[in-house]
Every structure is written in C-alpha cells, then in structure tokens.
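Engineer:
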Amino acid sequence: MLIRRALQFVAVAILVVIGYFFVQLIAASLPVFAKMSVVGFVFENNWDVAHAVFGALPLVVGTVITSAIALVIGVPVAVAAALFITELAPVRMRGVLALLLDLLAAIPSVIYGLWGVFILIPTLKPAEEWVAATFHYVPFIGGTVIGPNYFVAGLILAIMIVPIVSAISREVLATVPLAEKEAALALGATRWEMIQLAVLPHARPGIVSASMLGLGRAIGETIAVTLVIGNAAVIGGSLFSQGYTLAAVIANEFGEAGVGTIHASALIAAGLILFVMTLVINGVARAVVLQRTQKHSGSIADRVVA
Amino acid sequence: MSVLGVVSARRRWTSRILHGVLMTGLIVALTPLVLVLAYVLARGLPALNLEFFTTDPTGAFFGDQGGIRSAIVGTLEIVGLAMLVSVPIGIALAVYLNEIGRQSRMAVAVRYCIDVMTGVPSIVFGLFIYTVFVVGGMAAGFAAWKGAVALSLLMLPIVTRAGEVSLAMVPDTLREAALALGAPRWKVIGYVVLPSALPGMMTGGLLAIARAAGETAPLLFTVLGAQVTTFALDQQMNALPLQIFNDVRQPSSALVTRAWGGALTLILLILLVTIIARLSARRIRL
Numbered sequence: 024m025l026i027r028r029a030l031q032f033v034a035v036a037i038l039v040v041i042g043y044f045f046v047q048l049i050a051a052s053l054p055v056f057a058k059m060s061v062v063g064f065v066f067e068n069n070w071d072v073a074h075a076v077f078g079a080l081p082l083v084v085g086t087v088i089t090s091a092i093a094l095v096i097g098v099p100v101a102v103a104a105a106l107f108i109t110e111l112a113p114v115r116m117r118g119v120l121a122l123l124l125d126l127l128a129a130i131p132s133v134i135y136g137l138w139g140v141f142i143l144i145p146t147l148k149p150a151e152e153w154v155a156a157t158f159h160y161v162p163f164i165g166g167t168v169i170g171p172n173y174f175v176a177g178l179i180l181a182i183m184i185v186p187i188v189s190a191i192s193r194e195v196l197a198t199v200p201l202a203e204k205e206a207a208l209a210l211g212a213t214r215w216e217m218i219q220l221a222v223l224p225h226a227r228p229g230i231v232s233a234s235m236l237g238l239g240r241a242i243g244e245t246i247a248v249t250l251v252i253g254n255a256a257v258i259g260g261s262l263f264s265q266g267y268t269l270a271a272v273i274a275n276e277f278g279e280a281g282v283g284t285i286h287a288s289a290l291i292a293a294g295l296i297l298f299v300m301t302l303v304i305n306g307v308a309r310a311v312v313l314q315r316t317q318k319h320s321g322s323i324a325d326r327v328v329a
Numbered sequence: 002m003s004v005l006g007v008v009s010a011r012r013r014w015t016s017r018i019l020h021g022v023l024m025t026g027l028i029v030a031l032t033p034l035v036l037v038l039a040y041v042l043a044r045g046l047p048a049l050n051l052e053f054f055t056t057d058p059t060g061a062f063f064g065d066q067g068g069i070r071s072a073i074v075g076t077l078e079i080v081g082l083a084m085l086v087s088v089p090i091g092i093a094l095a096v097y098l099n100e101i102g103r104q105s106r107m108a109v110a111v112r113y114c115i116d117v118m119t120g121v122p123s124i125v126f127g128l129f130i131y132t133v134f135v136v137g138g139m140a141a142g143f144a145a146w147k148g149a150v151a152l153s154l155l156m157l158p159i160v161t162r163a164g165e166v167s168l169a170m171v172p173d174t175l176r177e178a179a180l181a182l183g184a185p186r187w188k189v190i191g192y193v194v195l196p197s198a199l200p201g202m203m204t205g206g207l208l209a210i211a212r213a214a215g216e217t218a219p220l221l222f223t224v225l226g227a228q229v230t231t232f233a234l235d236q237q238m239n240a241l242p243l244q245i246f247n248d249v250r251q252p253s254s255a256l257v258t259r260a261w262g263g264a265l266t267l268i269l270l271i272l273l274v275t276i277i278a279r280l281s282a283r284r285i286r287l
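Same order as they appear, the protein sequences are chains A and B. Position one of the first sequence corresponds to residue 24 (this note's numbering), numbered consecutively onward. Position one of the second sequence corresponds to residue 2 (this note's numbering), numbered consecutively onward.
1. Looking at the strands, I want to know which residues DSSP matches up with residue 76 of chain A.
2. Using a Cβ-Cβ cut-off of 6 Å (strictly less than) and excluding sequence neighbours within five positions of residue 231 of chain A, which residues of its own chain qualify?
3. Out of B:141, B:156 and B:115, which one is the CA nearest neighbour of residue 123 of chain B?
4. Just the C-alpha distance for residue 206 of chain B and residue 220 of chain A, rounded to the nearest angstrom, thanks.
5. Among B:252, B:233 and B:229, which one has its Cα closest to the Cα of residue 241 of chain B?
6. Quick check on residue 129 of chain B - is its C-beta less than 8 Å from some C-beta in chain A?
7. Under three-state DSSP, which class holds residue 60 of chain B?
8. I'd like to know whether the C-beta atoms of residue 217 of chain A and residue 307 of chain A end up nearer to each other than 8 Å.
9. Can you list, in chain order, the residues of its chain whose CB lies under 8 Å from that of residue 148 of chain A, leaving out five sequence neighbours each side?
10. Does any residue of chain A have a CB that is nearer than 8 Å to the CB of residue 192 of chain B?
11. Suppose only complete runs of 4+ residues qualify. What are the alpha helix (DSSP H) ranges in the stretch 136 to 181 of chain A, listed by chain order?
12. Give a yes or no on contact between the stretch 251 to 259 of chain B and the stretch 159 to 175 of chain B, applying the rule of three or more CB pairs nearer than 8 Å.
13. If you run the structure through DSSP and keep just helix, strand and coil, what is residue 281 of chain A?
14. Tell whether a beta-carbon distance below 8 Å holds between residue 226 of chain A and residue 185 of chain A.
15. Leaving aside the five residues before and after residue 278 of chain A along the sequence, list all residues of the same chain whose C-beta is less than 7 Å from its C-beta, in chain order.
16. Helix, strand or coil: which one does DSSP assign to residue 67 of chain B?
17. Rounded to a whole number of angstroms, what is the C-alpha to C-alpha distance between residue 1 of chain B and residue 22 of chain B?
18. So what's residue 323 of chain A in DSSP terms, helix, strand or just coil?
19. Indicate the three-state DSSP secondary structure (helix, strand or coil) for residue 142 of chain B in the structure shown.
20. Chain B partners of residue 135 of chain A, CB-CB under 9 Å?
21. Buried or exposed for residue 1 of chain B, please, with buried defined as at least 16 other CB atoms from any protein chain shown within 10 angstroms of its CB.
22. Mind checking residue 116 of chain A: buried by the 16 CB within 10 Å criterion, or exposed?
23. Chain A partners of residue 107 of chain B, CB-CB under 9 Å?
24. So, residue 226 of chain B versus residue 248 of chain B, is the Cβ gap smaller than 8 Å?
25. Report yes or no: do three or more beta-carbon pairs, one from the stretch 105 to 124 of chain A and one from the stretch 287 to 300 of chain A, lie closer than 8 Å?
26. Answer yes or no: does any C-beta atom of chain B fall closer than 8 Å to that of residue 284 of chain A?
27. Say whether the stretch 245 to 255 of chain A touches the stretch 90 to 103 of chain B, bearing in mind that this needs 3 or more beta-carbon pairs closer than 8 Å, one atom from each stretch.
28. Please confirm whether residue 295 of chain A and residue 49 of chain A have their CB atoms less than 8 Å apart.
29. Closer than 8 Å, CB to CB, is residue 277 of chain B near chain A or not?
30. Less than 8 Å between the CB atoms is what I'm expecting for residue 291 of chain B and residue 244 of chain B, so what's the real figure, rounded?
31. When DSSP builds the beta bridges, which residues end up paired with residue 266 of chain A?
32. Of all the options A:30, A:240 and A:271, which has the alpha carbon lying nearest to the alpha carbon of residue 117 of chain B?
33. Measuring only the C-alpha atoms, how far is residue 203 of chain A from residue 94 of chain A?
34. Can you give me the C-alpha to C-alpha distance between residue 175 of chain B and residue 193 of chain B, rounded to a whole angstrom?
35. Between which two residues does the alpha helix (DSSP H) carrying residue 115 of chain B extend?
36. Rounded to the nearest angstrom, what separates residue 152 of chain A and residue 165 of chain A at their Cα positions?
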C-alpha cells in the first residue's frame with residue numbers, strides 16, 4: 024500500500040514538473056510577446072538583435088525548409104531500407120542489417136555537424152554549383168552557392184532521421200499478418216506485387232506516423248544544423264543560400280544574450296514555438312497510430328466473429 | 002520453367018528492378034555510417050596519445066591546445082549523475098504504469114506525458130532547466146548538476162518505455178502463481194516481476210545513457226563548459242560534446258584536430274554502450 028502510494032506520488036510529481044516547466048517557458052517568453060505580439064513574433068520577417076526587433080519568420084521558414092528536405096530525402100530511403108530488411112533480405116542478415124541501421128542513431132549530432140563542416144560542405148559545393156548553373160530556371164534553385172546552406176542542413180537531417188523512421192517502419196511492417204502475405208504469394212504474385220498488395224496497404228498509416236516522428240526529430244535538431252546552416256537570419260532565395268533555424272538561433276545566440284534581456288526572452292520564445300510545433304506533430308502522429316490500431320483490432324474481432 | 006512459375010517477363014522484371022531499388026535504399030542509408038566512421042577514425046586516430054587523455058585544455062586558441070581529460074571526466078560525471086536520477090524514477094514510473102495504474106485515468110495521463118517527452122527536442126529541455134534553475138531564484142548560475150537534470154529529463158522517457166515493455170513481457174501466470182502462494186502485491190513486484198524484467202530494463206538504461214552522452218544542446222545552457230577537470234557538481238564543467246562543439250568553431254587547425262580526437266573518443270564510448278545494449282536485448286528475446 025505504501026509502495027503503491029509512493030509510486031503514485033512519483034507519477035503525479037512528474038506531471039507537475041512537466042507542467043511547471045511549460046509554465047516557466049511561457050512566463051520567460053512573455054516580455055518578447057508583449058513587445059512584438061505573438062503574431063508579430065512568429066510572422067514578422069525581421070530578426071535584428073542590434074535594434075531589438077525579433078520577428079522569427081526567417082527562423083521558422085528555415086526550420087520548415089530544412090525539415091522538408093530531410094523528409095523528402097530521408098523517408099523514401101528509410102522506408103526502402105526497412106522494406107528490404109523485413110521482406111527481402113536473407114533471414115540471417117536481417118538482425119545485422121537492422122543493428123547497423125540502428126547504429127546511425129548512436130552517432131551524436133555534434134559529430135554529424137563536424138563531418139558536415141569539414142567533409143560534406145566542401146565535397147558537395149562543386150555539384151551544387153553545377154546544379155545551380157544548369158537548372159537556374161527552376162524555382163528556388165540557382166543564384167550564388169554558399170557553402171553552409173539549407174540543402175546541406177536538410178541532407179544531414181535526412182541522415183539523422185533515417186534510423187528512427189526505418190526502425191518504426193520495421194516495427195509496423197512486422198505486424199503485417201503473415202497469412203495475407205502468403206495469400207498474395209499463393210495467388211501467384213511476385214515479391215514486389217506481394218509488397219504492393221499485402222504489405223504496403225496494411226503498413227501505410229504506420230509509415231506515415233513514423234515519418235511524422237522523424238519530422239519531429241528534424242525540427243528540434245540543434246547542433247548539427249547550427250554548424251552547417253550558415254546562421255544568417257534572412258529567408259534565403261534558393262536551396263543553396265544560407266539560413267537559420269529556431270533551434271540553431273537558440274544555440275548560437277544564447278551566449279551573447281544577457282540574462283533577463285529581451286533578447287534572451289526572444290530565444291526562449293523561439294524554444295516555445297519549437298516545443299509547440301513538436302507537440303502538434305507528435306499529436307498528429309499519435310492520432311494516426313491510434314486510428315490504425317483501432318482499425319486493426321476491429322479486423323481481428325471481425326475474424327473471431329467470422 | 003515449371004507450370005507454377007508462369008509469370009510474365011514484364012512482371013518478373015518489375016519485381017526484380019524494385020527489389021534492386023529497395024536494396025539501393027538500404028545501401029544509401031548505410032553509406033553515411035561508413036563514411037562518418039571512416040572519416041572520424043582517419044582524422045581522430047592521429048590525435049590520440051596518452052597526453053591527449055591526461056591533460057586539460059589550455060584555453061589557448063593557437064599552438065599548445067592540451068588534451069581532453071576534463072571533457073571525458075565531465076561527461077562521465079554528468080551522465081552518471083543523470084543516470085542516478087533517471088533510472089530509479091523511470092523504473093518506478095514503469096512499475097506504476099504496468100503494475101498499478103494500468104488503464105486508470107492517471108496512468109493514461111502519465112503515459113501520454115512520457116510519450117510527449119520522447120518527442121521534445123533536447124534543446125527545449127536545456128531551456129527548461131535554464132529558465133528554472135540558471136536564471137531562476139535558487140542557486141543561480143551554471144552548474145554540472147543542472148546539466149545532469151536536463152539530461153535525465155531526456156533519458157526518463159527512454160528508461161520508462163523500455164521498463165514498461167519489459168514488464169509487460171513478464172507472463173501474468175508468474176504474477177498469479179506468486180499471488181496464489183499468498184505473497185503480498187509489493188513482494189510479487191519486488192521479488193518476482195522486477196527480477197525477470199531486469200535485463201530489459203538494463204537495456205533501456207544503456208540506450209538512454211548512449212543518447213544522453215552525445216547531447217550538446219542541453220549542456221550549453223546548463224553547465225556551459227570549463228577547462229579544468231573538476232569534481233565539484235555545483236560548478237561549470239566540461240563535457241566531450243561541448244569540447245567538440247567549441248573546437249569546431251575555432252580557426253586553428255590544432256583545435257580542429259582535437260575536435261576529431263574528441264569525436265573519435267565520444268563515438269567509441271557511445272557505440273560500445275549501444276552495442277552492449279543491443280546485443281543484450283537480442284539475448285533476452287531468444
């Protein structure tokens with residue numbers, strides 16, 4: 024009984040602590056919201072520390088662009104890798120391949136950043152310049168190529184979300200009923216047709232929510248992005264211009280912002296936006312999963328009744 | 002071709018091509034792992050020697066840059082303290098969720114909260130601690146224990162999740178058998194359920210440690226960094242990710258070399274912990 028109470032107390036305490044932190048973040052953000060208004064802070068395109076103007080739009084846009092690049096590159100690769108491991112790879116290899124993929128997640132963010140600065144940026148630059156010159160008529164491509172830019176940051180983020188997206192996809196793919204796969208094969212489907220007919224329809228909602236969780240990761244990623252985004256608080260005109268993200272601005276400018284200044288308040292408010300964005304994304308991902316599991320349990324019940 | 006294998010050439014080739022596409026996906030996904038590890042090894046290995054591990058950074062931008070002793074010791078201290086906080090609380094929460102709360106409204110709320118914490122960016126945890134403890138009323142200033150609290154918030158959901166999963170894997174018959182023998186609830190949990198779930202919990206703890214050891218952002222706002230090796234948890238402290246982050250941004254190639262050396266040290270440390278965790282998890286599943 025005593026232990027039961029103690030455990031309940033721990034659980035309540037955790038809820039209270041989380042709530043308290045959230046309230047503190049809001050309280051610390053209030054000065055900048057009072058000066059800029061919430062809408063002004065989020066949507067004004069002018070982040071000028073020297074004149075104490077804090078419109079976070081360039082940071083929000085940078086966060087969205089880099090995360091979008093990460094999803095476009097990372098999700099197909101991660102899902103393909105997950106499909107290959109669960110459906111096509113020799114059974115003995117599966118464990119090893121999954122372990123290797125998981126090891127990608129064990130490499131710290133700061134090391135991806137270090138690698139990005141010294142290897143990826145110089146290696147990619149000629150290729151980026153070629154693309155910018157050749158396809159300059161495509162929107163958002165062209166102009167001067169700057170070493171640290173949106174694309175490099177997005178690419179590093181793509182690498183960083185691959186392990187989480189493919190790990191969750193693998194779990195979802197493992198729940199596809201064997202009977203359905205065997206049924207497809209028995210009807211004469213090829214391996215790919217089996218994947219198309221039996222595996223993908225069943226796993227699609229799970230893969231969507233895996234991508235959402237990857238998106239949440241990409242949005243909040245800080246150190247690697249700080250090192251390769253260029254840290255310029257403007258909205259760059261092309262994929263290859265430098266930018267800034269919410270997380271990067273916090274990491275970079277925190278040292279300069281004096282305690283209790285409006286600058287510090289603006290950075291905390293940037294963190295608050297980040298927090299709310301990840302909450303919304305996680306909420307959506309969870310809703311998708313919930314919908315899927317309900318549908319799934321429904322179908323099992325149907326089978327039992329039948 | 003046998004009668005059973007009658008598949009039109011077009012369908013067969015589509016399947017083979019897409020087979021190849023999926024394999025390419027896996028290769029593309031694994032390429033960065035090989036590239037990053039190879040570069041870190043190539044650039045970091047020359048930096049490593051006994052002096053590198055046994056001296057502190059001097060703080061000089063050029064020339065004599067010193068080693069990373071304070072960073073290694075700091076990382077071990079901060080992560081160790083974070084572990085002391087998050088592992089007991091995480092396991093307590095897991096026991097509450099799986100053994101006592103189950104589907105009660107309270108347990109659902111806690112579970113939701115833990116899930117949300119998994120998705121919160123680490124930098125936000127750093128800001129939490131900054132607003133509450135660093136500029137806040139009590140004991141203002143940067144300190145190692147504050148970094149440990151930030152990291153333990155990051156570790157807590159991992160430990161709790163792994164704990165809950167491994168508790169759920171303990172068969173109910175075991176609990177029923179113990180209860181039928183007349184053992185009180187707490188004894189059943191303490192002497193029967195927890196020991197059988199322990200290996201899975203350890204795996205979760207190790208993965209959480211691996212995750213926390215590489216984090217930079219939360220430490221920036223909480224422990225800030227230092228040059229000297231210190232054991233004072235209420236002072237600023239150095240840590241490997243902080244040292245690497247600071248060295249990368251310096252113009253001196255000697256400091257960049259130290260960054261690669263530090264990166265190699267950190268990667269070896271984390272990969273070791275991760276591989277132990279994964280392998281022990283695999284052994285348990287068998």
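A virtual CB, placed ideally from N, CA and C, is assigned to each residue, including glycine.
Structural biologist: If we stick to the structure as given:
1. A:71
2. Cβ within range, chain order: 311.
3. Per the Cα distances, B:156.
4. 39 Å
5. B:229
6. yes
7. coil
8. no
9. 168 and 170
10. no
11. 144 to 157
12. Verdict: no, contact absent.
13. coil
14. no
15. none
16. strand
17. With chain B covering only 2 through 287, there is no way to say anything about residue 1 of chain B.
18. Residue confidence is low: residue 323 of chain A scores 34 on pLDDT, short of 50, so the model does not pin down where it sits. No coordinate-derived value is stated.
19. Coil, per DSSP.
20. 33 and 37
21. Residue 1 of chain B lies beyond the residue range present for chain B, which begins at 2 and ends at 287; the question has no answer from this structure.
22. exposed
23. 31, 34, 35 and 38
24. no
25. no
26. Output row for residue 284 of chain A: interface = no.
27. no
28. yes
29. no
30. There is no way to answer for residue 291 of chain B, as the model of chain B reaches only from 2 to 287.
31. A:253
32. A:240
33. 30 Å
34. 8 Å
35. 106 to 120
36. Cα to Cα, the separation comes out at about 8 Å.
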